[in-house]
Each structure stands twice: as C-alpha cells, then as structure tokens.
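Q:
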Amino acid sequence: MDLLKGKTAVVTGGTRGIGLAIVKKFLANGAKVALLGSRQETVDKALAGLKEENSNYPVIGLCPALSNPEQVHEAFQKVKEAFGSLDILVNNAGVSARDSIYQYKPEDFAKVMDLNVNSVFVCSREAAGIMKEQGGGVILNTSSMVSIYGQPAGCAYPASKFAVNGMTKSLAREMGRDNIRVNAVAPGVTRTDMVAALPEEMVKRITAPIPLGRMGEPEEVADAFLFLASDMASYITGVTLSVDGAAMV
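Residue numbers (this note's numbering): 57 to 305.
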C-alpha cells in the first residue's frame, strides 16, 4: 500500500527503536523521509541500514539540536530543498530517567524537559509555518503510557509526556483551521534495544500485568503512526492513542 504516496515526513529520534520503525513504515508506504538523530554517526548508521534494505529509498539524515530554533529551521529548510515539501512531522525523540526525587538533580530534570517538551514545541512551531503555507499537514507526537498512569520514580519523564499530551490537544484546537491535524501515540512496554537486553525474568515480570500477555513490537507502534499520518485519519485530531495492550502500571 502507498498510504503516504507523495508525502514528505520528518521523524526525530529516527535512528533506532520506535523511530526507525516509523521511518521504515513510512518509506514502505510511499513517503520521502528525513530521519533526525542526535549524532552524525548514528544517522549514518541508520541510513546505511535503510539503503541496504532498499537502495532506492528516498531518505536523508540530519542531526540538528532539536530545541535550538536556528538549527531546526536550517534542517527543515534542507528537507524542503531535498523533497519539495514537509507534510508530516513526527516528534519522537525523547529521553528517560528513573532517578528518585530524593536524588534527582535539577539539571537532570531540565535535560529531560528540554528534549521531551521544548524540542516538541520548537519543531512543531517550525513545521506549522511550513504546513500552513502549503495548505495543511500532520504533526504526530510520541507520548507514553506513563503520561496516563505516572511511574514510581523518575518524575521528569511522565511529567514531560503529560506536557506532550497537553500540547497535542492545544495545537490541534489552534491549528485545525489551517488544516493541520495534531495527534499523539502513547506506547506501552515495547521491544526496543533497551528492553531486549533485559534478563528474561525481568521481561516476564514486566509483561505479566499486560492483558495481551506480551510487550508490543516497534512495528505495531509504527502502524499507529502510519494510520494517524494517513488520510484514513482525516477527521481525527487532538487524540492521544494508547498502544499498550491495555497495560496498567
């Protein structure tokens, strides 16, 4: 299927895990994609892997500081120069931590909020101006199940994802008149590289409370992003879609 044929997408945090799964899913559905990563070496590695799968994939890679307005502006202009438009933005880049409040350093809290919240604002603001001129577009944000339930340590991460949910709803209400849809996906426990490295006993403990009896796969989360990016979701905006197997933590 070519659900995104003729569309150009930017995916932040697109070098691995859920982000890379989104990039692959979008490319397989006809999109041109710019994947953004934190370092040039990880961007190059992801691009090499994609080109190995399909040398004709229309994909480029960039590594701007996502909370820096000037660098984001320059990167998005490069995407427009390469592909002619910017139709879909996926704000997927994020960082987590499990520090107890008793040891949580303010500077560490600020780092989480900078990438998980400030960069979503900066990238969305830049993309919105381009999309408005083009006559519309789609902005998708990666939230988390902990934005709904919280977590017993590392308060910055769920706080940042609560903020993402609020920004999603607010931007959807503000930009609907400009034909820009804004939604979020809230993944549960997903088999990323970090989770795959956990001991089997820990994995069993993590998946035990999930009604579907297993963790999710990155491709299953990417399917939700594909749906929301496509015209199949043309009347859906302001939604945070849970993809968590009905897990509760």
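Using N, Cα and C, we set each Cβ at its ideal position, and we do this for glycine too.
#1: CB-CB under 8 angstroms to A102, same chain, minus the five flanking residues each way: which ones, in chain order?
#2: Per DSSP, which one or two residues make a beta bridge with S298?
#3: Would you call the region 200 to 219 and the region 255 to 265 in contact, with 3 or more CB pairs under 8 angstroms?
#4: Which runs of the alpha helix (DSSP H) spanning at least 4 residues fall entirely within the region 148 to 187, listed in chain order?
#5: Would you call A166 buried or exposed, if buried means 16 or more other Cβ atoms sit within 10 Å of its Cβ?
#6: From T64 to V115, what does the alpha carbon distance come to, in whole angstroms?
#7: Check A264 in the structure and name its three-state DSSP category.
#8: In the DSSP assignment, what are the bridge partners of R237?
#9: Residues bridged to K61 by DSSP?
#10: Under a three-way DSSP split, which group does G73 fall into?
#11: Classify T68 as helix, strand or coil using the three-state DSSP reduction.
#12: Under three-state DSSP, which class holds L91?
#13: Thinking V151 and L171 are a contact (beta carbons under 8 angstroms), I'd like their distance in whole angstroms, please.
#14: Look at the alpha carbon of A87 and the alpha carbon of S141, and state the distance between them as a whole number of angstroms.
#15: Pick out whichever of V277, I266 and N124 has its Cα sitting closest to the Cα of T248.
#16: DSSP three-state call for I204: helix, strand or coil?
#17: For a test of your reading of the model: does the CB of Q133 fall under 8 angstroms from any non-hydrogen atom of the ligand GDP? Yes or no.
#18: For L118, report the span of its beta strand (DSSP E) as first-last.
#19: Determine, using beta carbons only, whether H129 comes closer than 9 angstroms to chain B.
#20: Which word fits K61, buried or exposed, when buried means at least 16 other C-beta atoms lie within 10 angstroms of its C-beta?
#21: If you draw a straight line from the C-alpha of V220 to the C-alpha of L297, how long is it?
#22: Kindly list the residues whose CB is nearer than 6 angstroms to the CB of N174, restricted to its own chain and excluding five residues on each side of it in sequence; keep chain order.
#23: Check whether the Cβ atoms of A149 and G244 lie closer than 9 angstroms to each other.
#24: When you compare the CB positions of V194 and I236, do they come within less than 9 angstroms of one another, or not?
A: According to the data block:
#1: Spatial neighbours of A102 in its own chain (CB-CB distance under 8 angstroms, excluding positions within 5 residues in sequence) are listed in chain order as G70, T71, R72, L76, V79, L91, G93 and G117.
#2: S298 pairs with A242.
#3: Per the Cβ contact rule, the region 200 to 219 is not in contact with the region 255 to 265 (fewer than 3 Cβ pairs under 8 angstroms).
#4: Listed in chain order, the complete alpha helix (DSSP H) runs (minimum 4 residues) inside the region 148 to 187 are 162 to 169.
#5: Within a 10 Å sphere around the beta-carbon of A166 sit fewer than 16 other beta-carbons, which makes this residue exposed.
#6: Near 10 angstroms, if we compare the C-alpha coordinates of V115 and T64.
#7: Residue state, collapsed to three classes: coil.
#8: DSSP lists V194 as partners of R237.
#9: According to DSSP, K61 bridges with nothing at all.
#10: Helix.
#11: DSSP places T68 within a strand segment (E or B) once states are collapsed to three.
#12: In the three-state reduction of the DSSP assignment, L91 falls in the strand class, which pools E and B.
#13: That pair is a contact at about 5 angstroms.
#14: Those two C-alpha atoms are separated by around 11 angstroms.
#15: For the residues V277, I266 and N124, the minimum Cα distance to T248 belongs to V277.
#16: I204: helix per DSSP, three-state reduction.
#17: As far as ligands go, the structure on display features none, and thus does not contain the ligand GDP.
#18: Its beta strand (DSSP E) spans residues V115 to L118.
#19: Absent from the structure is chain B; it holds one protein chain and no more.
#20: By the 10 Å Cβ count, K61 comes out exposed.
#21: One alpha carbon belongs to V220, the other to L297, and they sit about 13 angstroms apart.
#22: Once the five neighbours on either side are set aside, the close Cβ partners of N174 are S123.
#23: The answer is no: Cβ separation not under 9 angstroms.
#24: The Cβ atoms of V194 and I236 lie closer than 9 angstroms to each other.
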